[in-house]
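Below is one structure, written out as structure tokens; comments come after it.
Written out as structure tokens, the structure is:
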């Protein structure tokens, strides 16, 4: 819950730049302990002060890229944010030992972003339709001869 005193307190704790950034991106002014950072650059915070935070909203993520997509959060951090795990991956010994050396590096899943991929579906479909029409024209020419 946003209150004027909490907003001012957050301003003094995190500084003007971070305070303004939070208001622009998450719509709330929060201050808490930096718990960790993942390999994508996302920062994870926690504030256990019951007077400042509503229960269930005391953990949050500051995404490095501000085109919000849940696939930007790795599974180990998602389980911590969702209160499935009590300890964050940076402090949980079990999570640190669970990551095998052969495990592939996880990438964000941008299912609707085809700007950086080699396979834009719309262009692929347009080209194939054009090729099929040419083949159809060629087959009609051959059958009429």
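Numbering (this note's numbering), first residue to last: 289 to 433.
Even for Gly, the Cβ is constructed at its ideal location relative to N, Cα and C.
Considering only 293, 364 and 300, the residue with the shortest C-alpha distance to residue 386 is 364.
A direct Cα-to-Cα measurement between residue 331 and residue 325 gives close to 5 angstroms. Annotation for residue 313: 354 place their beta carbon closer than 7 angstroms to its own, counting only its chain and skipping 5 residues before and after. Taking every protein chain shown into account, the CB of residue 307 has 16 or more other CB atoms within 10 angstroms, so this residue is buried. Excluding the 5 residues flanking it on each side, residue 311 has same chain C-beta neighbours closer than 7 angstroms at 317, in chain order. Taking a C-beta distance under 7 angstroms as the contact criterion, residue 334 and residue 345 do not qualify as a contact pair. Under the three-state reduction of DSSP, residue 293 is assigned to helix.
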